[in-house]
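**Q** I am attaching a structure below and will ask some questions about it afterwards.
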Amino acid sequence: MWIQQKTDTLAPLEELQGRTVGLKFECNQCHTEVFTDLLGVPAPDSDAPALDETDQYETEEIKCPGCDMIHSLTVKSTFDGVKFEVSEVAADKVSYQIAEPEA
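According to UniProt numbering, the sequence shown holds residues 1 to 103 in order.
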C-alpha cells in the first residue's frame, strides 16, 4: 500500500526504522511515474554529542526512465520521524511503501 507523504508531517520512525522502503513520484520534467529500488531507513544517531547532530541521511540517485533526468533521493531520519526528499519534486508528490520482511 502506497502512503502519500505530507508536506509538514514526518513519517513515523517506529514504523520505518530498520526497514526498507520503495519510493514513487512523478518526474517534474516529463511527468513519468518513477519507482525506486528499495532504500534503507537509517536509525538516528543516539550516540551523537548533541540533539541537533542525531539526524542521519541516506542519499542515492535514480534516472527517470522517461527523460533520463537524474533525481537525487534522500532518506532523512530523525528522532521526530522520517522524511523522503526527491530533488525537483514537491514533498507532497512523493509516496512510500514499506517492504515486507522476507520470510
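We put the CB at the ideal spot given by N, CA and C, even for glycine.
What are the start and end residues of each continuous beta strand (DSSP E) run of 3 or more residues lying completely inside the stretch 57 to 102, in chain order?
**A** If we require 3 residues or more, the beta strand (DSSP E) runs fully inside the stretch 57 to 102 come out as 70 to 78, 81 to 86, 94 to 98.
**Q** So LEU13 is in the alpha helix (DSSP H); what residue range does that whole segment cover?
**A** Run containing LEU13: 13 to 16, per the alpha helix (DSSP H) assignment.
**Q** Counting only beta-carbon atoms, is HIS71 nearer than 9 Å to chain B?
**A** Although the question refers to chain B, the structure presented lacks it and comprises just one protein chain.
**Q** What residues in its chain sit with their C-beta under 7 Å from that of GLN56, if we drop five residues either side in the sequence?
**A** Once the five neighbours on either side are set aside, the close Cβ partners of GLN56 are PRO42, ALA43, PRO44, ASP45, SER77.
**Q** Looking at the strands, I want to know which residues DSSP matches up with THR20.
**A** Looking at the DSSP assignment, THR20 forms a beta bridge with GLY40.
**Q** Okay, do the stretch 58 to 70 and the stretch 7 to 18 touch, 3+ Cβ pairs below 8 Å being the bar?
**A** Counting Cβ pairs under 8 Å, fewer than three are found: no touch.
**Q** Using three-state DSSP, classify GLN29 as helix, strand or coil.
**A** The answer is coil: DSSP assigns GLN29 none of H, G, I, E or B.
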